[in-house]
Structures are given as C-alpha cells and as structure tokens.
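Asker:
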Amino acid sequence: MTEQVSSGSPEHVDVLVIGAGLSGVGAAAQLRDRHPGRSVAVLEARDDLGGTWDLFRYPGIRSDSDMFTFGYKWRPWRSDVALADGALIKSYIETVAEEYGVTGLIRYRHRVLRATWDSTDARWTVSVAVGDPADDAAVQTFTMTASFLWSCAGYYRYDEGFQPAWPGMDEFGGQIVHPQHWPEDLDYRGRRVIVVGSGATAVTLVPAMATGDGAAEHVTMLQRTPTYVLSRPGRDPLARLLGRLPDKMSYPVVRWSNILQAIVSFQLSRRWPDRARAFIRKNAKRMLHEDFDVDTHFDPPYNPWEQRLCFVPDGDLFNVIAAGRADVVTGTIETFTPTGVRLTSGEELEADLVVSATGFQLLLPFGGVEIEVDGEQVELKDLMAYKALMLSGMPNFAFTIGYTNASWTLKADLVIDYVCRLLDHMDEHGYRIAVPEPDPSVGRLPLMDLSSGYIQRSAHLLPAQGDRPPWKLDQNYMVDRKVIQRSPIDDGVLRFK
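Each step along the sequence shown adds one to the number in the working numbering, with nothing skipped, and position 217 is 217.
(1) Would you check if the distance between the CB atom of Ile-106 and the CB atom of Gly-86 is smaller than 7 Å?
(2) Please determine if the segment 36 to 44 and the segment 160 to 178 are in contact, where contact requires at least 3 C-beta pairs separated by less than 8 Å.
(3) Residue ranges of each alpha helix (DSSP H) run of no fewer than 4 residues wholly in the segment 314 to 386, ordered along the chain?
(4) Would you list the one or two residues that DSSP bridges to His-218?
(5) From what residue to what residue does the alpha helix (DSSP H) around Leu-55 run?
(6) Mapping DSSP to helix, strand and coil, what is Pro-517?
(7) Kindly confirm or deny that the segment 199 to 216 and the segment 285 to 305 touch, where touching means at least three C-beta pairs closer than 8 Å.
(8) Does the segment 413 to 427 come into contact with the segment 124 to 132, if we say contact requires no fewer than three beta-carbon pairs (one atom in each stretch) closer than 8 Å?
(9) Between the alpha carbons of Ile-18 and Leu-423, how many angstroms are there, rounded?
(10) Between Thr-145 and Leu-410, is the Cβ-Cβ spacing less than 7 Å?
(11) Rounded to whole angstroms, what's the CA-CA distance from Glu-217 to Val-193? Just pull it up for me.
(12) Please report the residue range of the beta strand (DSSP E) in which Leu-473 lies.
(13) Provide the residue(s) that pair with Asp-85 in DSSP beta bridges, ordered along the chain.
(14) Does DSSP put Gln-30 in a helix, a strand or coil?
(15) Rounded to whole angstroms, what is the Cα-Cα separation between Trp-74 and Trp-408?
(16) Within 10 Å of its beta-carbon, does Pro-507 have 16 or more other beta-carbons around it, so buried, or fewer, so exposed?
(17) Please name the residue, chosen from Pro-469, Ala-20, Gly-214, that lies closest to Lys-482 on a Cα-to-Cα basis.
(18) Comparing alpha-carbon positions, which option in Thr-344, Pro-304, Trp-77 lies nearest Asp-274?
(19) Kindly indicate which residue of Val-126, Ala-406, Arg-244 has the alpha-carbon position closest to the one of Val-264.
(20) Using a 10 Å radius around the Cβ and a threshold of 16 neighbouring Cβ atoms, would you call Leu-317 buried or exposed?
(21) Going by C-alpha to C-alpha distance, which of Tyr-188, Glu-306, Pro-313, Val-229 sits closest to Arg-281?
(22) Going by DSSP, what residue range makes up the alpha helix (DSSP H) through Tyr-251?
(23) Taking C-alpha atoms, which residue in Glu-290, Arg-57, Phe-142 lies nearest to Pro-179?
(24) Identify whether Cys-310 lies in helix, strand or coil by the three-state DSSP scheme.
(25) Relative to the alpha-carbon of Pro-440, which residue among Pro-395, Ala-29, Gly-51, Leu-383 has its alpha-carbon at the smallest distance?
(26) When the Cβ atoms of the segment 17 to 33 are set against those of the segment 93 to 108, are three or more pairs found closer than 8 Å?
(27) Taking the C-alpha atoms as reference points, what is the distance between Ala-134 and Arg-46?
(28) From Thr-2 to Thr-116, what distance separates their C-alpha atoms?
(29) From the DSSP output, in three-state form, read off Thr-2 for me.
(30) How far does the beta strand (DSSP E) with Met-110 in it reach, from first residue to last?
(31) Can you tell me whether Gly-214 is buried or exposed, with buried defined as 16 or more other CB within 10 angstroms of its CB?
(32) Would you mind stating whether Val-81 and Leu-222 have Cβ atoms separated by less than 7 Å?
(33) Could you name the residues of the same chain whose beta carbon sits closer than 8 Å to that of Leu-245, not counting the 5 residues immediately before and after it, in chain order?
(34) Quick one: is Gln-261 buried, meaning 16 or more other Cβ sit within 10 Å of its Cβ, or exposed?
(35) Tell me, please, which residues DSSP counts as bridged to Met-390.
(36) For Pro-36, write down the residues that DSSP places opposite it in a beta bridge.
Structure, rendered in structure tokens:
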C-alpha cells in the first residue's frame, strides 16, 4: 500500500524540472548558470541520470544524430567521434551535471503523479511518489510546490516498449527479448538471431551482434517495410582537422557545419524527393554486392524524411551484410514456430534468439502526469502547442521535446534559452504568471507529420499545432532560432499577470 507522507508545509522551489536525462540536466545546468538565485529541483523516476542513455543497454547503442549537435551548444563535445556509443553519451551528461552543480539537485526514484495549478497562489502543487514502483508497500507519496513546472520527461514509456502480440510466440523454443530491457547476462555468441524491425535500434543492433568476439552465428534483420539507411563517417573530418584548436574556436565551426548539412539535406529531400531517393539508393548499392536486391530491402514506399532516416557509421550495417555475417528479409510475420518464424510468404526463418526492435510506447502527457488547472482536468489532446514548448491555457509550464528531423538537443537548447528569457522578463516586470492565450481562429493541425508507427499509434493523444505562428511547428532550426530565441517574449499571445 502506498503511504502518504505529511510533514507540515510542502517544500517549495522556484522551478521544478521533471526528468534527469539530456534535456533535464541541460535545463537545470542553465538555470544554475543564468538564474543562480532561483531554487531548482530535478525529479527523476529512475535510479540514475541519463534518461535514454541510462536505460538502453543493448549491443551497439549509440546516437543517431551527430554529437556536435546532440551535445549542448554551451558545453563542447570534445571528440571527433560523430556517432557516439551510449556509455560515452551518458558520461558526457554526468560530466555536465557535475560541472554545473546539477548532481546535488537530482532526487532519484521520485515519480511525479499529478500536478495541480492554482492561479490564486500562482503555483503548482505536485504529488510525488518516492520509492520502487515494483514494491508498492515501500512507495511513499508527498507534495511539493513550484512557481514554474518544466517537463523534460521525454515522450515514451521507460518501463515498456512496443511489443506486438504475434501468433505462436508461446510456442517458440528460443528466447524473445526487447532492446528496451536487454538482459545483462544475455549471451548470443554462436546463436542464430533475428532482429525484427528496421528503425534506428535495428540497424544499430545488427552490425553490433554480427561482429566481435561474442558475435552471433548469423543475424537476420526482418522488416515489414524498409527504411532509408545512409552511411556517414564515424569520425567527423572537420572536427579532426580542427582538433588542435581551442574549443571556443573549433566547436562552433564544427557544430554549425553539421547543423547546415542537416538542414540542407532535409530541405533538399523534401523539395526533390526522387533525387534524394536515388542518392540514398546509390549509396546503399555501392556498399553491397552486385546481386543484392536494394530495391526490395532499402527502398521504402514513402519519400525520404516522411519517416526519420537512419544513419550508420562508416556503413557498418552494409559491411556485415556484404560480408555474409547478416542479411535482410522483407516480409510479414504470420506466426512464430518452435524453431523460428514463418512469414506470410511461406518462408521460414530459423532462430535461437529473436530481438523485437519494434519501437516505443508513447507516454503522454509528459511522463503520464495528470494535470489540473484551476479545478479543471486537462486533456492534452484538446490543447495547442505554443512555439512547441508551452501549451495553450496552461500557466507557468514548459516542456522539452526535440526535433524529429534533426538532433534532439538543438531544440532542447532553444527551449532552455526561451525559458531563461521568459523568467528574466517576468522578473523585470514583476509578473507571477505567464500563459499562452488560446486563439479560436487558429486552425488545428497534427503536431507531428512523421508516419513512424510509434507516433501514429499515439497521435490522438498529442496536442495540436496551429496553422500560423507562434502556434505552428516548423521542425526547422533556423526558423525556430528566430521564433523562439530572438522574437520578443511579450508577443501579444503570451499573457502575463
């Protein structure tokens, strides 16, 4: 039974940050740096900081964005490694937390259950569960209050990945695992492995499991639909060239080089999708043997960037396929069998281990927190995102969700800049409340335009975006720099009291 703890008046902080991953640590670090007089607490449901980079432990876990934009703009990534592994990324986050005095602000095993806003007091009252959620008897709850609430909890469930219920799974004589909960003692050496999926996790797992001393006998990537996969250098040539220069000189150059490359690539792909498709196909064809069926396995039935592209360092996925250590099968699972998987085509694939790299379960709103404003329960789907960082009618609340077509942290840094400017503006004018005022004349559009399964499965839970600024979500860093970072805080839409 969960025990309610009462100890007089609730603890109050100026800013309460939910989540101690890349976004939450960055938010707290810049609050410490730019608002040293404000009290800050960071609540983290897990046992350690790092978020995604603490949770995922599967072979080959790495970034799918370059580290010069995935790292914070104010704390250089000090390596020429472009796509870093998970341990390096977590170490980077830990270092930032130490350097900026964030480590002592984080409270682990603190899960936010409910947040209630009261306009009279101009503060949030937050209900928090403390302890291991697997042991309900040991969980205690308490409340604390905050003047400003900032959700950096991401958007997917840490406790459960998306696992399709395929027929015959119980009959399979081997092992089925999900990358989100990779067993520490899993030994796949010499085993036949099927990795189900074609997204970033799958294209990372396949080369990692097919190489090295503990390599599988053979790895098959079984996909229902292909994904665009593009090779990029594992080490950044420009970062290597400028490596002897001080960080203040080299890092902005390398960072902006990667930003502009990503923007140009995305914009050209959307404007001339056939040319982009041909370029990606040619890249894959060049790295695979002549008789490999690129059109079946690496030519999706949609245009580039309708779903996120997968980048592989130095073509590692293509290399293991060309070497015969792995292969790709495109088809649909009909059923599991005692010895593997049978497809609807009738083809049977034998396996000792099946890895279900089938994606995430989105968890909204904001880590599953129930939200109430002045006695009214908030339904996230009824709201509209303001500058993709606040919500219509929700006072003193910000959230961080990164880009779908570029590095997550590019957007996180913009949100940090905006919230710090907003707090400065409120201090300067003596305001206690800031809330985006809904405009009924603004048309509603889906928040995200990607067709990825994990987004489409939960699209009905998301807030809308608008058909015009500042409600429109551009997914364009250069546009957002103008709209978020440089435009006036008092824009006539944000209301202050």
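From the three backbone atoms N, C-alpha and C, an ideal C-beta is built for every residue, glycine too.
Answerer: Let me spell this out:
(1) Taking the first residue of the sequence shown as position 1, residue 106 is located at position 106. Taking the first residue of the sequence shown as position 1, residue 86 is located at position 86. Not closer than 7 Å, so no.
(2) No, the segment 36 to 44 does not touch the segment 160 to 178.
(3) If only complete runs of 4 or more residues are kept, the segment 314 to 386 shows the alpha helix (DSSP H) at 316 to 322, in order along the chain.
(4) One-based indexing of the sequence shown puts residue 218 at position 218. Answer is Arg-192, bridged to His-218.
(5) Numbered from its first residue, the sequence shown carries residue 55 at position 55. Note, Leu-55: alpha helix (DSSP H), 52 to 55.
(6) Since the displayed the chain opens at 1 and closes at 497, residue 517 lies outside it and no answer follows.
(7) The answer is no - the segment 285 to 305 does not touch the segment 199 to 216, with fewer than three Cβ pairs under 8 Å.
(8) In short, these stretches do not touch, since the Cβ pair count stays below three.
(9) Counted from its first residue, the sequence shown places residue 18 at position 18. Counted from its first residue, the sequence shown places residue 423 at position 423. Whole-angstrom Cα-Cα distance: 18 Å.
(10) Sequence index remark: in the sequence shown, residue 145 carries index 145 (1-based). Sequence index remark: in the sequence shown, residue 410 carries index 410 (1-based). Result no, Cβ atoms of Thr-145 and Leu-410 do not sit closer than 7 Å.
(11) Walking along the sequence shown from the start, residue 217 turns up at place 217. Walking along the sequence shown from the start, residue 193 turns up at place 193. If I take the Cα positions, the gap works out to 8 Å.
(12) Counting from one through the sequence shown, the residue named residue 473 turns up at place 473. In the DSSP assignment, Leu-473 falls outside any beta strand (DSSP E) and carries neither an H nor an E.
(13) On the sequence shown, position 85 is the one that residue 85 refers to. Its beta-bridge partners are Arg-62.
(14) Here residue 30 refers to the residue found at position 30 of the sequence shown. Gln-30 falls in the helix class under three-state DSSP.
(15) By one-based count along the sequence shown, residue 74 stands at place 74. By one-based count along the sequence shown, residue 408 stands at place 408. Taking the CA atoms as reference points, Trp-74 sits about 15 Å from Trp-408.
(16) As displayed, the chain neither begins before 1 nor continues past 497, which places residue 507 out of reach and without an answer.
(17) For the purposes of this step, residue 482 is identified with residue 482 of the sequence shown, where counting begins at 1. Nearest to Lys-482 by alpha-carbon distance, out of Pro-469, Ala-20, Gly-214, is Pro-469.
(18) Residue numbering aside, residue 274 sits at position 274 when the sequence shown is read from its first letter. Looking at the Cα atoms, Pro-304 is the closest of the given residues.
(19) Here the question's residue 264 lines up with position 264 in the sequence shown. Answer by Cα proximity: Ala-406.
(20) Looking up residue 317 in the sequence shown gives position 317. Counting Cβ neighbours within 10 Å, Leu-317 comes out buried, since at least 16 surround it.
(21) On the sequence shown, position 281 is the one that residue 281 refers to. The option with the nearest alpha carbon to Arg-281 is Val-229.
(22) Position 251 of the sequence shown, counted from the first residue, corresponds to residue 251. According to the DSSP assignment, Tyr-251 belongs to the alpha helix (DSSP H) that extends over 247 to 271.
(23) As a position in the sequence shown, residue 179 is number 179, starting the count at 1. The residue with the shortest Cα to Cα distance from Pro-179 is Arg-57.
(24) Residue numbering aside, residue 310 sits at position 310 when the sequence shown is read from its first letter. Of the three classes helix, strand and coil, the one that applies to Cys-310 here is strand, per DSSP.
(25) Against the sequence shown, residue 440 aligns to sequence position 440. Closest in C-alpha terms to Pro-440, from the list Pro-395, Ala-29, Gly-51, Leu-383, comes Leu-383.
(26) Three or more pairs of CB atoms, one per stretch, sit closer than 8 Å, so the segment 17 to 33 contacts the segment 93 to 108.
(27) Position 134 of the sequence shown holds residue 134. Position 46 of the sequence shown holds residue 46. Between the alpha carbons of Ala-134 and Arg-46 lies a distance of about 12 Å.
(28) Taking the sequence shown and counting its residues from 1, the one referred to as residue 2 is at position 2. Taking the sequence shown and counting its residues from 1, the one referred to as residue 116 is at position 116. Its pLDDT being 46, under 50, Thr-2 is placed unreliably by the model, and the measurement read from it follows with that caveat. Answer to the nearest angstrom: the Cα atoms are 20 Å apart.
(29) In the sequence shown, the residue the question calls residue 2 occupies position 2. Note on Thr-2: pLDDT 46, under 50, position unreliable in the model; the coordinate value appears next. Here Thr-2 sits in coil by DSSP.
(30) Translated into positions along the sequence shown, residue 110 becomes position 110. According to the sequence as given, residue 110 is His; it is not Met. Annotation for His-110: the continuous beta strand (DSSP E) segment containing it runs 110 to 118.
(31) Within the sequence shown, the letter at position 214 stands for residue 214. It is exposed - the Cβ of Gly-214 has fewer than 16 other Cβ atoms within 10 Å.
(32) Translated into the one-based positions of the sequence shown, residue 81 becomes position 81. Translated into the one-based positions of the sequence shown, residue 222 becomes position 222. Result no, Cβ atoms of Val-81 and Leu-222 do not sit closer than 7 Å.
(33) Mapped onto the sequence shown, residue 245 falls at position 245. Result list for Leu-245: empty, nothing under 8 Å.
(34) Locating residue 261 in the sequence shown gives position 261, counting from the first residue. Burial state of Gln-261 is exposed, judged by a 10 Å Cβ sphere holding fewer than 16 other Cβ atoms.
(35) In the sequence shown, residue 390 corresponds to position 390, counting from 1. Beta-bridge pairing links Met-390 to Tyr-386.
(36) Indexing the sequence shown from 1 puts residue 36 at position 36. Note: Pro-36 sits in no beta bridge, so no partner.
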